[in-house]
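By the working numbering, the letter at position 26 of the sequence shown is numbered 27, and the numbering carries on one by one without gaps.
Heads up, the beta-carbon is just placed ideally off N, CA and C, and yes, glycines get one too.
What follows is a set of notes on a single structure, which appears directly below.
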Amino acid sequence: MIKMNILEIGALVPDFEEENLLVLFNETVPPELRDISVIHRFEEQPKGVLELGKIIVIGGREYTIQKVGEEANSNFESLGHLSIYFKDDKDEEILPGAVLVTPSDFPILKEGDSIQVK
Numbered sequence: 002m003i004k005m006n007i008l009e010i011g012a013l014v015p016d017f018e019e020e021n022l023l024v025l026f027n028e029t030v031p032p033e034l035r036d037i038s039v040i041h042r043f044e045e046q047p048k049g050v051l052e053l054g055k056i057i058v059i060g061g062r063e064y065t066i067q068k069v070g071e072e073a074n075s076n077f078e079s080l081g082h083l084s085i086y087f088k089d090d091k092d093e094e095i096l097p098g099a100v101l102v103t104p105s106d107f108p109i110l111k112e113g114d115s116i117q118v119k
């Protein structure tokens with residue numbers, strides 16, 4: 002299991018709720034992406050944790066990974082970057098650095114909360 006602690010929630014993160022998209026970055030987030038990102042810190046370095054069927058826990062809710070982009074694990078490991086699409090349509094196309102999860106309900110986030118991949 003990998004655990005991340007939420008340090009900061011960018012001012013524009015709520016605007017992406019209608020797109021059902023959440024963008025994660027570690028503390029090395031580029032300044033131009035800070036406002037759209039949830040900034041976090043890993044408790045331990047991940048290694049290949051993003052896999053079909055794994056569970057991501059955000060805001061006390063569980064989401065099942067349905068699709069994993071080809072660059073998702075390497076971006077997540079090196080930059081803490083991951084785009085999470087909350088969709089019920091498992092056939093939806095995603096970007097290489099993204100995962101698609103179900104259900105489509107957008108999580109409630111607070112600074113100080115944790116995100117887990119298990």
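**residue 57 versus residue 32 - alpha carbon distance** = Within the sequence shown, numbered from 1, the residue matching residue 57 stands at position 56. Within the sequence shown, numbered from 1, the residue matching residue 32 stands at position 31. In a straight line, the C-alpha of residue 57 is about 26 Å away from that of residue 32.
**Asked** Taking just the CA atoms, how far does residue 76 sit from residue 23?
**Response** Sequence index remark: in the sequence shown, residue 23 carries index 22 (1-based). Sequence index remark: in the sequence shown, residue 76 carries index 75 (1-based). Answer to the nearest angstrom: the Cα atoms are 15 Å apart.
**Prompt:** Whose C-beta lies closer than 7 Å to the C-beta of residue 69 among residues of the same chain, with five residues either side of it excluded?
**Reply:** Locating residue 69 in the sequence shown gives position 68, where the first residue counts as 1. Correct list, in chain order: 51, 52, 53, 100.
**Prompt:** If we ignore side chains and look at the alpha-carbon of each, how far apart do residue 48 and residue 19 end up?
**Reply:** Counted from its first residue, the sequence shown places residue 48 at position 47. Counted from its first residue, the sequence shown places residue 19 at position 18. Each residue's Cα considered, the two are about 31 Å apart.
**Distance between beta carbons of residue 102 and residue 1, contact taken as under 8 Å** = Absent from the model: residue 1. The displayed extent of the chain is 2 to 119, so no value can be given.
**Message:** Spatial neighbours of residue 60 within its chain, please: C-beta separation below 8 Å, excluding the five flanking residues on both sides.
**Reply:** Here residue 60 corresponds to residue number 59 of the sequence shown, with the count starting at 1. Contacts found: 108, 109, 110, 111, 114.
**Asked** Expressed to the nearest angstrom, what Euclidean distance is found between the alpha-carbon atoms of residue 39 and residue 104?
**Response** Along the sequence shown, one-based indexing puts residue 39 at 38. Along the sequence shown, one-based indexing puts residue 104 at 103. Straight through space, the alpha carbons of residue 104 and residue 39 are spaced by roughly 20 Å.
**Item:** residue 77, enclosing alpha helix (DSSP H) - first and last residue
**Value:** As a position in the sequence shown, residue 77 is number 76, starting the count at 1. Looking at the DSSP string, the run of the alpha helix (DSSP H) that includes residue 77 is 73-80.
**Message:** Check this for me: beta carbons of residue 25 and residue 80, under 7 Å apart or not?
**Reply:** Walking along the sequence shown from the start, residue 25 turns up at place 24. Walking along the sequence shown from the start, residue 80 turns up at place 79. Not a contact, by the Cβ cut-off of 7 Å.
**Item:** Opposing strand residues paired with residue 25 [DSSP bridges]
**Value:** Along the sequence shown, read from residue 1 onward, the residue named residue 25 stands at position 24. Per DSSP, 39, 83.
**Request:** Measure the beta-carbon distance from residue 86 to residue 93 and round it to whole angstroms, keeping in mind my assumption that it falls under 8 Å.
**Result:** Taking the first residue of the sequence shown as 1, we reach residue 86 at position 85. Taking the first residue of the sequence shown as 1, we reach residue 93 at position 92. The Cβ separation is near 7 Å, so the contact holds.
**Message:** Can you tell me which residues form a DSSP beta bridge with residue 101?
**Reply:** As a working note, residue 101 is residue 100 in the sequence shown. Bridge partners of residue 101: 68, 86.
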